[in-house]
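Have a look at the structure below before the remarks.
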Amino acid sequence: MADETTEIQLGQGTGPLRGVKVVEIAGIGPGPHACMILADLGADVIRVERPGSPGLGGGASMLLNRGRPSVALDLKNPDAAAVVLRLVEDADLLVEGMRPGVTERLGLGPEACLAANPRLVYGRMTGWGQEGPLARAAGHDMNYVAITGALFGLGQDPARPHFPANLVGDFGGGSTYLVIGLLAALLEARVSGQGQVVDAAIVDGTAHLNAMTSAFANEPHYREERAANLLDGGVPFYDVYETSDGRHMSVGALEPQFFATLVRLLGVEGSCPGQADLDRYDEMRRVFTDTFLRRTQAEWIEVFEGTDACVAGIIPLSEAARHPHLAARGTFVERDGLTQPAPAPRFSRTGPTLTTPPSLPGQHTRAALAAWGVDDVDGLLERGVAVQV
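Heads up: the sequence shown is residues 151 to 539, going by the numbering used here.
And the structure:
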């Protein structure tokens, strides 16, 4: 899938980060997601990958790699490190997601990069962080979320916790906080003229993301159990109910006026206990369970959608793009043969647009290095320092 003749031009993004230049030392999960966000918002991101199979890092359908060209460099070769430092000289941000100490051994640590560009913001994405007893240990999303107290309370099964794929750690406490840190440090660097290192640890971000639960935990009525509190399925008016066709509805009628609408539209005004009647919550849950089982999900959606009952059908991802609300907003788009989420959030004046599809490692090596002003690209390719797929 060679891309020898492709021409790459910088500054073509339409979002608010147009003109911001980012060097991404490719990793998996939260680092690529953060760089996808930056690219979606208009930044020029060059993705530096190792030659060969992308493994868990993706491929031609990995949406986390969209919007940026891929350059394959043999980072164990000192000449490759020199190429990256050349890219860094003109960059605003660098993102890496390796274990602590790895980029230093490659000659691409913060000291070397800030020496090449004192204004650079150097973003480090890890699970455990750059310091601490576990900093150099392996781990994945659920491990990081586990020690923050967040995973303990997830799920409505009192017997065991349930992890929501890798949304809470990798992307909630990870890439989201990395992007916040990068943009905050970039704003400061443009005032001070000095770059700095952003240590984005999933454990830190997840703990911060879970601040509301921390607040609840300080209250005397909080129970450190699953399905025992207001927002974890402990109350029947904030829970999930099965419909007659084996699908489910989400019910989030917390406020009294929303609860009243829920009860009215369910048709159980005469049999449902009051919202404040805590001793009858088991009875209320049975009423809701039995009633939702009488109709299909589609029938209940017809009853509830657009009302103030705070009830919505739980639909699979394959159907989400066709939901009338999401379709009207263009939340999902069809691009390059892939259904994918559109850039978010939205901007009134500098709206972002999707650019290039996900690419294979080294698909744009020649064109991307040339666009970033790297000299002697042909020589780098001939010596095996760089690889063009």
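Cβ coordinates follow ideal geometry from the N, Cα and C atoms, glycine included.
| said: By the three-class DSSP mapping on this structure, what secondary structure does residue 387 have? | reply: If you number the sequence shown from 1, residue 387 lands on position 237. Here residue 387 sits in coil by DSSP.
| Per DSSP, residue 199 is paired with what? | Position 49 of the sequence shown, counting from 1, holds the residue named residue 199. Looking at the DSSP assignment, residue 199 forms a beta bridge with 222.
| query | Got a sec? Which residues, its chain only, sit under 6 Å from residue 328 by beta carbon, not counting five neighbours each side? | reply | By one-based count along the sequence shown, residue 328 stands at place 178. These residues qualify, in order along the chain: 184, 273, 275, 350.
| Run through DSSP, which three-state label would residue 320 get? | Locating residue 320 in the sequence shown gives position 170, where the first residue counts as 1. Three-state DSSP puts residue 320 in a helix.
| query | Is it a yes or a no for the region 356 to 372 touching the region 298 to 311, going by three-plus beta-carbon pairs under 8 Å? | reply | yes
| request: For residue 285, collect the residues of the same chain with a Cβ closer than 7 Å to its Cβ; drop the 5 residues on either side in sequence, then sort them by chain order. | output: As a first step, residue 285 is located in the sequence shown; it is residue number 135 there, counting from the start. So the qualifying residues of the chain are 250, 278, 279.
| Are residue 322 and residue 376 touching if we call contact CB-CB under 7 Å? | Reading the sequence shown from its first residue, position 172 is the one you call residue 322. Reading the sequence shown from its first residue, position 226 is the one you call residue 376. No, they are not a contact pair.
| Cβ pair count under 8 Å reaching 3, the region 222 to 232 against the region 192 to 201 | yes
| task | Compare the C-alpha of residue 237 against each of 515, 439, 206, 489 and name the closest. | result | Here residue 237 corresponds to residue number 87 of the sequence shown, with the count starting at 1. Nearest option by C-alpha distance: 515.
| Going along the chain, which residues of its own chain have a beta-carbon closer than 7 Å to the beta-carbon of residue 444, five neighbours each way excluded? | If you number the sequence shown from 1, residue 444 lands on position 294. Closer than 7 Å at Cβ, skipping near neighbours: 394.
| Based on the DSSP secondary-structure assignment, which residues constitute the bridge partners of residue 464? | Residue mapping note: residue 464 aligns to position 314 of the sequence shown, counting from 1. Partner(s): 398.
| field | residue 291 vs residue 319 beta-carbon contact at 7 Å | value | As a working mapping, residue 291 is identified with position 141 in the sequence shown. As a working mapping, residue 319 is identified with position 169 in the sequence shown. Contact: yes.
| To the nearest angstrom, how far is it from the Cα of residue 441 to the Cα of residue 435? | To locate residue 441, count along the sequence shown from 1; it is residue 291. To locate residue 435, count along the sequence shown from 1; it is residue 285. Rounded to the nearest angstrom, the two C-alpha atoms are 10 Å apart.
| said: By the three-class DSSP mapping on this structure, what secondary structure does residue 273 have? | reply: For the purposes of this step, residue 273 is taken as the residue at position 123 of the sequence shown. Correct three-state label for residue 273: strand.
| field | residue 296, DSSP secondary structure in three states | value | Residue mapping note: residue 296 aligns to position 146 of the sequence shown, counting from 1. Helix, per DSSP.
| query | Where residue 473 and residue 346 are concerned, what is the direct C-alpha to C-alpha distance, given to the nearest angstrom? | reply | The sequence position of residue 473 within the sequence shown is 323, counting from 1. The sequence position of residue 346 within the sequence shown is 196, counting from 1. Approximately 43 Å, taken between the alpha carbons.
| request: Could you give the DSSP three-state label for residue 190: helix, strand or coil? | output: Taking the first residue of the sequence shown as position 1, residue 190 is located at position 40. It is helical.
| Counting along the chain, where does the beta strand (DSSP E) carrying residue 175 start and finish? | Taking the first residue of the sequence shown as 1, we reach residue 175 at position 25. Per DSSP, residue 175 belongs to the beta strand (DSSP E) from 171 to 175.
| request: Just the C-alpha distance for residue 267 and residue 161, rounded to the nearest angstrom, thanks. | output: Here residue 267 refers to the residue found at position 117 of the sequence shown. Here residue 161 refers to the residue found at position 11 of the sequence shown. Rounded to whole angstroms, residue 267 to residue 161 spans 20 Å at the Cα level.
| Nearest to residue 354 by CA position, among 402, 324, 307, is which residue? | Within the sequence shown, the letter at position 204 stands for residue 354. Considering only alpha carbons, the answer is 324.
| said: For the alpha helix (DSSP H) containing residue 490, name the first residue and the last one. | reply: Position 340 of the sequence shown, counting from 1, holds the residue named residue 490. Looking at the DSSP string, residue 490 is not in any alpha helix (DSSP H); the run it does join, the beta strand (DSSP E), is 488 to 491.
| query | Apart from the five residues on each side of it in sequence, which residues of its chain come closer than 6 Å, Cβ to Cβ, to residue 528? | reply | Walking along the sequence shown from the start, residue 528 turns up at place 378. There are no such residues.
| query | Helix, strand or coil: which one does DSSP assign to residue 258? | reply | Taking the first residue of the sequence shown as 1, we reach residue 258 at position 108. It is coil, neither helix nor strand.
| said: Taking only three categories from DSSP, how would you classify residue 152? | reply: Working through the sequence shown from its first residue, we reach residue 152 at position 2. With a pLDDT of only 44 at residue 152, under 50, the local geometry of the prediction cannot be trusted, and the value read off the model is given with reservation. It is coil, neither helix nor strand.
| message | In the DSSP assignment, the beta strand (DSSP E) including residue 244 goes from what residue to what residue? | response | As a working note, residue 244 is residue 94 in the sequence shown. Counting along the chain, the beta strand (DSSP E) containing residue 244 begins and ends at 243 to 246.
| query | With which residues is residue 349 paired in a DSSP beta bridge? | reply | Numbered from 1 along the sequence shown, position 199 holds the residue referred to as residue 349. In DSSP, residue 349 forms a bridge with 274.
| Distance CB(residue 182)-CB(residue 215) smaller than 7 Å | Start at 1 with the first residue of the sequence shown, and residue 182 comes out as number 32. Start at 1 with the first residue of the sequence shown, and residue 215 comes out as number 65. Cβ atoms of residue 182 and residue 215: closer than 7 Å.
| Quick one: what does DSSP say residue 285 is sitting in, helix, strand or coil? | As a first step, residue 285 is located in the sequence shown; it is residue number 135 there, counting from the start. Looking at residue 285 - three-state DSSP - the assignment turns out to be coil, as it is neither helix nor strand.
| task | In the DSSP assignment, find the beta strand (DSSP E) that holds residue 483 and state where it starts and stops. | result | Against the sequence shown, residue 483 aligns to sequence position 333. Taken as a continuous stretch (DSSP letters only), the beta strand (DSSP E) holding residue 483 covers 482 to 485.
| request: Assign residue 392 to one of three DSSP states: helix, strand, or coil. | output: For the purposes of this step, residue 392 is taken as residue 242 along the sequence shown, with counting starting at 1. Of the three classes helix, strand and coil, the one that applies to residue 392 here is strand, per DSSP.
| said: Which same chain residues end up closer than 6 Å to residue 511 when comparing Cβ atoms and leaving out the 5 residues on each side of it in sequence? | reply: Along the sequence shown, read from residue 1 onward, the residue named residue 511 stands at position 361. Cβ neighbours of residue 511 beyond the five flanking positions: 199, 204, 220, 222.
| said: Using C-beta distances below 7 Å, list every residue in its chain close to residue 421, excluding the 5 sequence neighbours before and after it, in chain order. | reply: Counting from 1 along the sequence shown, the entry for residue 421 is found at position 271. These residues qualify, in order along the chain: 437.
| field | Which residues DSSP lists as bridging residue 339, in chain order | value | The residue you call residue 339 lines up with position 189 of the sequence shown. None; residue 339 has no bridge partner.
| Where does residue 537 fall in DSSP's three states? | For this step, residue 537 is matched to residue 387 along the sequence shown. Correct three-state label for residue 537: strand.
| Got a sec? Which residues, its chain only, sit under 6 Å from residue 212 by beta carbon, not counting five neighbours each side? | In the sequence shown, residue 212 corresponds to position 62, counting from 1. Here the set comprises 508.
| field | residue 378 versus 398, 411, 309, residue with shortest Cα-Cα distance | value | For this step, residue 378 is matched to residue 228 along the sequence shown. Here the closest residue by C-alpha is 309.
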